[in-house]
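Working notes for the structure below.
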Amino acid sequence: MDMQILLWTTGVSFVIALLLAPLFIPFLRRLKFGQAIRAEGPQGHQKKAGTPTMGGVIFLIAMSITAIKFSELSPELWLLLFVTLAYGTVGFLDDYIKVALKRNLGLRARQKLIGQILVGVVLYVVMYYTGMIDMTISIPFFDVQWDLGFFYLPFLVLIVIASSNAVNLTDGLDGLAAGTTAIAFGSYAILAWWTSNMEVAIFCAAMVGGLIGFLVFNVHPAKVFMGDTGSLALGGALATVAILTKTEIWLVLIGGVFVVEVLSVILQVISFQTFGKRLFKMSPLHHHFELLGWSEWRVVGTFWTAGLCLAVSALVLYLK
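The numbering used here numbers the first residue of the sequence shown as 1 and each following residue consecutively.
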């Protein structure tokens, strides 16, 4: 019965997103909320200029309606919705400043970081005072429980910020971030269902359906981009799911594509500043493959496949 609920949740969220997108995309066009393309990016991306952005609202609405409908409205669900929509709001402000106020960089890095930290702190405080928090982390393969005590606060905040920024970095090609996060949420839906975290599983299933519905309009050539509205929300949501299921370390494997994207940027900066040489033609890593001559479909398909292999590997290792 529980699995039927998850399937219904996924299906209904998919249909809502599928119906919302044709209404929302023309609305974004009328508002002239088109994506500006950075001059330093791959030149082939310049033709994407003007594509409506902030489309993350589509799957966030679909997910929220469906999760509330099919869940028991537990504290866990409200926490997931709070973090997801709060990070979505930070992203929305960033997108709005870029496209409406015509300030290319959007929110300043410090402003964005303050917003991300505040949401993480609120998450910790609510979990602490409601007795939902567990200060320990499980170390995979070693059967070790490490009690972080007060240090779980900076650990939690770091996970949420790192995850949201990692998904944000991955959102550089049509369908790339939406597809890889749908795979990650799908694996977490199974993991949460297996461990009887049904409310978390329903949230993840609702997110999968919304993302698949959004992908219909986001695959190459994209008719709409999710923007920071979507990518920051997705990363924050993934981290919160990991925290609530006590699989914080497993997120590194389930979200391995995002980890690799971040590492490619870090290594590129270190290499250039230290040796004056670039390890990659461009970072994040998906741009490197583009500049090697790979088609956008090939890059996205390869990253989806890698994400699926990592997610399945994590499930097999965790559930065995």
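Even glycine gets a Cβ: it sits at the ideal position worked out from N, Cα and C.
Where does the unbroken beta strand (DSSP E) through residue 89 begin, and where does it stop?
Note, residue 89: premise wrong, no beta strand (DSSP E); alpha helix (DSSP H) at 75-99.
Between which two residues does the alpha helix (DSSP H) holding residue 264 run?
256-275
Same chain, Cβ closer than 8 Å to residue 121, neighbours up to 5 away in sequence not counted
153 and 157
Close-in-space but distant-in-sequence residues of the same chain around residue 226 (CB under 6 Å, 5 per side omitted)
55 and 56
Quick check on residue 130: buried or exposed, where buried means 16 or more other Cβ atoms within 10 Å of its Cβ?
exposed
Is residue 229 near residue 92, with beta carbons less than 9 Å apart?
yes
Helix, strand or coil: which one does DSSP assign to residue 144?
strand
With a cut-off of 8 Å on the beta carbons, I'd call residue 208 and residue 10 a contact; round off their distance for me.
5 Å
Would you be able to state if there are at least three C-beta pairs under 8 Å between the stretch 170-185 and the stretch 301-311?
yes
Output needed for residue 17: all residues of its chain with C-beta closer than 6 Å, excluding positions within five of it in sequence on either side, in chain order.
58, 59, 62, 210, 213 and 214
Would residue 118 be called buried (16 or more neighbouring beta carbons within 10 Å of its own) or exposed?
exposed
Determine whether the beta carbon atoms of residue 239 and residue 162 lie at a separation below 9 Å.
yes
Could you tell me the distance, in whole angstroms, from the CA atom of residue 285 to the CA atom of residue 265?
8 Å
Name the DSSP beta bridge partners of residue 136, please?
147
Ignore the nearest five residues each way along the sequence and tell me which others in residue 188's own chain have a CB closer than 6 Å to its CB.
204 and 241
Are the beta-carbon atoms belonging to residue 281 and residue 292 less than 9 Å from one another?
yes
Between which residues of its own chain and residue 251 is the CB-CB distance below 6 Å, once the five residues before and five after are set aside?
242
Distance between residue 21 and residue 217 (C-alpha atoms, nearest Å)
7 Å
Got a sec: is the Cβ-Cβ distance from residue 126 to anything in chain D below 9 Å?
Absent from the structure is chain D; it holds one protein chain and no more.
What would DSSP say about residue 221, mapped onto helix, strand or coil?
coil
Work out the CA separation of residue 128 and residue 256 for me, nearest whole Å.
29 Å
Identify which residue in 297, 246, 231 and 77 has its Cα closest to the Cα of residue 200.
77
So residue 235 packs on residue 166, CB below 8 Å; how close in whole Å?
6 Å
Where residue 113 and residue 99 are concerned, what is the direct C-alpha to C-alpha distance, given to the nearest angstrom?
20 Å
One question on the structure: do residue 249 and residue 138 come within less than 9 Å of each other, judged by their Cβ atoms?
yes
Kindly indicate which three-state DSSP category residue 22 falls into: helix, strand or coil?
helix
When you compare each of 73, 69, 260 and 25 to residue 53 by their alpha carbons, which one comes out closest?
25
DSSP three-state assignment for residue 281, whether helix, strand or coil:
coil
DSSP state of residue 110 mapped onto helix, strand, coil
helix
Grouping DSSP H, G and I as helix and E and B as strand, with all else coil, what is residue 193?
helix
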